[in-house]
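Residue 327 in this note's numbering is what sits at position 98 of the sequence shown, and the numbering runs on without skipping anything.
Note that CB positions come from ideal geometry on N, CA and C, so glycine has one too.
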Amino acid sequence: QGLQDELWGRSGGLIHIGTGRPHKRDRSAEEKAQDVAIIGWQRAPVAHKLNELKQLKSEGIYIIGFGPWALPELAEYVDVCDAWFDSGFGTDDRVVKLADGSRAGRGNMLVDMLYGWAFTAEYIAALTRRGKMPPVWQAYLYDEGLAWGNKYFRKVQFHNDIEVPPQPAGDLAKRYLTHIRALGDKFGREQMANTNKAVDLILAERREGRKTFCASMGHAPWTFVCADEGKAWGTNVDIHSNVPRQVASYMRDSPDGALVLHVGYYGTDAKALEIFSSKQQRVMYISANTERAGETSLLTGFVIRAVPEDAPVYINMGIAFGDASIELEGYPHRILPSSGVMQLVAYQCVNVEVLSRMVPVPAP
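As structure tokens, then:
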């Protein structure tokens, strides 16, 4: 589910994490036996993967699970894992009580993300206390990020060219979580008016018998945007404008003239704007400010654009350009990303506000 996609290939995240991404291509059986599998659940399993986990276990791989420990559908998975980060929501992770007594707004994915990045922070810190520093991605938002990745990907397990002083246990994770709390507080202070503008438009569409079309991009949004209760008001398609099959699906499935909620990263890009314009769609943006408007990304080919000034709604996540958030003494760029968490926070704020206004208010 979403946590696996959230943790790999991220600015400020570990370079050598993810299926098929060891620090070197040819490894001995002894080296492979030191592998660790990380797997998270935000809801009940949608496909039976228990035998795959048991196979990993039989190979001596250490398995770390994330999710609702008390969810009955996960009981057998919990038993296979060597360690478990419990999201704490039990059998129901809906966190907002609505006027009619129903609930909305899912919490498992948010807690899984926070645990995942706090774990990453403390993994890095523990290595620094052993005199080692694992390579960490620099954002491909910067052209130098591509050269950085090429320098280390599948080449070294630990830096031999950079020294980072030992980090106290708990410090990096606490700094990251404090930063995320500050982003959430800032979002609550500054973006509720824009959030409710989006809600007004979504509900107006619904009164006309139409759903809002969501266009998500990034690592994990495809697992939560317009999922669960959000299906009542929206339909999501994952689209990255440099992925032809996704563009084809979007052009085929999204209605002309639709109201669109685009869940993105920094600004937008010229190709995406062309797609939306060709469909005469009204696009609301969950995004953040970009420092590179007008430039072209060497990796993706995106011609970067700011969110259009005439967009009906711009919900600004408030994240720093480059995504990675935390300074680490001795390291040339920040570590630990915040965009995935804030995409989820911003989307769920829209989601629960829409759902809260869809239910009838009981008479006094």
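Measure the C-alpha to C-alpha separation of G334 and I533 and round it to an integer number of angstroms. Position 105 of the sequence shown, counting from 1, holds the residue named residue 334. Position 304 of the sequence shown, counting from 1, holds the residue named residue 533. Between G334 and I533, the alpha-carbon positions lie close to 32 Å from each other.
Within the same chain, show all residues whose beta-carbon is closer than 6 Å to that of A312, passing over the 5 residues directly before and after it, in chain order. Here residue 312 refers to the residue found at position 83 when the sequence shown is read from its first residue. The answer, listed in chain order, is I293.
Taking the Cβ atom as the reference point for each residue, do R511 and A549 lie within a distance shorter than 9 Å? Mapped onto the sequence shown, residue 511 falls at position 282. Mapped onto the sequence shown, residue 549 falls at position 320. In this structure, A549 does not lie closer than 9 Å to R511 by Cβ.
Based on the DSSP secondary-structure assignment, which residues constitute the bridge partners of H469? As a working note, residue 469 is residue 240 in the sequence shown. Partner(s): none; H469 has no beta bridge.
Beta-ladder partner(s) of I515, from DSSP: Here the question's residue 515 lines up with position 286 in the sequence shown. According to DSSP, I515 bridges with V492 and I544.
Under the three-state DSSP convention, the category T357 falls into: As a first step, residue 357 is located in the sequence shown; it is residue number 128 there, counting from the start. Three-state DSSP puts T357 in a helix.
Would you kindly work out how many angstroms separate the C-alpha atoms of E437 and I555, rounded to a whole number? Taking the sequence shown and counting its residues from 1, the one referred to as residue 437 is at position 208. Taking the sequence shown and counting its residues from 1, the one referred to as residue 555 is at position 326. Taking the straight line from one Cα to the other gives about 45 Å.
Using a Cβ-Cβ cutoff of less than 6 Å, which residues in the same chain neighbour I267 once the five nearest sequence positions on both sides are dropped? One-based indexing of the sequence shown puts residue 267 at position 38. Around I267: I293.
Apart from the five residues on each side of it in sequence, which residues of its chain come closer than 7 Å, Cβ to Cβ, to T464? Here residue 464 is taken as the residue at index 235 of the sequence shown, counted from 1. Here T464 has K440, F442, C443 and C455 as same chain residues with Cβ atoms under 7 Å from its own Cβ, once five neighbours each way along the sequence are excluded.
Classify D315 as helix, strand or coil using the three-state DSSP reduction. The residue you call residue 315 lines up with position 86 of the sequence shown. D315 falls in the strand class under three-state DSSP.
Helix, strand or coil: which one does DSSP assign to P566? If you number the sequence shown from 1, residue 566 lands on position 337. P566: strand per DSSP, three-state reduction.
Expected contact under 8 Å - CB spacing of P364 and L356 to nearest Å: Residue mapping note: residue 364 aligns to position 135 of the sequence shown, counting from 1. Residue mapping note: residue 356 aligns to position 127 of the sequence shown, counting from 1. Actually they are not in contact, since the Cβ atoms of P364 and L356 sit about 11 Å apart, beyond 8 Å.
Who does A433 pair with in a DSSP beta bridge? If you number the sequence shown from 1, residue 433 lands on position 204. Beta-bridge partners assigned by DSSP to A433: none are found.
Can the beta-carbon of C341 be found closer than 9 Å to that of G269? Sequence index remark: in the sequence shown, residue 341 carries index 112 (1-based). Sequence index remark: in the sequence shown, residue 269 carries index 40 (1-based). Sequence check: residue 341 is Asp here, not Cys. Contact check for D341 against G269 passes: the beta carbons are separated by less than 9 Å.
Proximal residues to T525 (C-beta, below 8 Å), its chain only, five neighbours per side dropped: Counting from 1 along the sequence shown, the entry for residue 525 is found at position 296. In its chain, beyond the 5 residues on either side, F531, V532 and I533 have a beta carbon closer than 8 Å to the beta carbon of T525.
Around the Cβ of M421, are there at least 16 other Cβ atoms within 10 angstroms (buried) or fewer (exposed)? Walking along the sequence shown from the start, residue 421 turns up at place 192. Exposed.
Which one or two residues does DSSP pair with S445 in a beta bridge? The residue labelled residue 445 in the question sits at position 216 within the sequence shown. Paired residues: D467 and V492.
Which stretch, first to last residue, makes up the beta strand (DSSP E) that contains G605? Past the edges of the chain, shown from 230 to 593, lies residue 605, and the structure says nothing about it.
Compare the Cα-Cα distances from V275 to each of E373, Y306 and G399 and report the closest residue. Within the sequence shown, the letter at position 46 stands for residue 275. The residue with the shortest Cα to Cα distance from V275 is Y306.
Spatial neighbours of D485 in its chain, beta-carbon cut-off 7 Å, leaving aside the 5 residues before and after: Residue numbering aside, residue 485 sits at position 256 when the sequence shown is read from its first letter. Closer than 7 Å at the Cβ level, and outside the excluded window around D485, lie K508 and Q509.
Assigned exposure category for D400 - 16 Cβ within 10 Å defines buried: As a first step, residue 400 is located in the sequence shown; it is residue number 171 there, counting from the start. When all chains shown are included, D400 counts as exposed.
Quick test of your reading: L432 and V542, contact by CB under 8 Å. State the CB separation rounded to the nearest angstrom. Here the question's residue 432 lines up with position 203 in the sequence shown. Here the question's residue 542 lines up with position 313 in the sequence shown. That belief does not hold up - the Cβ atoms of L432 and V542 are roughly 13 Å apart, past 8 Å.
Locate the alpha helix (DSSP H) running through S287, then write down its first and last residues. For this step, residue 287 is matched to residue 58 along the sequence shown. According to the DSSP assignment, S287 belongs to the alpha helix (DSSP H) that extends over L279 to S287.
Could you tell me the alpha carbon to alpha carbon distance between G459 and D498, rounded to whole angstroms? Position 230 of the sequence shown, counted from the start, is the residue given in the question as residue 459. Position 269 of the sequence shown, counted from the start, is the residue given in the question as residue 498. Approximately 26 Å between the Cα atoms of the pair.
Three Cβ pairs or more, each shorter than 8 Å: is that satisfied between the segment 315–322 and the segment 375–392? Short answer: they don't touch.
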